[in-house]
Amino acid sequence: MDGNAIEVRGAREHNLRNVSLTLPRNQLIVLTGVSGSGKSSLAFDTLYAEGQRRYLESLSSYA
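Numbering-wise, this note's numbering puts 19 at position 17 of the sequence shown, and it's gapless, one number per residue.
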């Protein structure tokens, strides 16, 4: 993964079944699909959880 993209590999939340994609950084990204297709699961559950994980990893364990 380069610094210009966010990669999601094998996402499995709710209706997502092993979804992999590359999202460019600093770009407007639009997710479309029918109701219940997993748009919110991808945006909120998967990407938010990964952001939280990376943030917590960046904190010093001695703080």
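Each residue gets a CB set at the ideal place from its N, CA and C atoms; glycine is no exception.
The beta carbon of Asn6 lies closer than 7 angstroms to those of Pro26 and Arg27 in the same chain, with the five residues before and after it left out.
By the 16-neighbour rule on beta-carbons within 10 angstroms, Leu44 is buried.
Contact between Val21 and Val36 is ruled out by a C-beta separation of about 15 angstroms, above the 8 angstroms threshold.
Comparing alpha carbon positions, the residue from Val32, Tyr57, Leu30 and Leu49 closest to Gly12 is Leu49. Distance between Arg14 and Gly53, taken at the CA atoms: about 16 angstroms.
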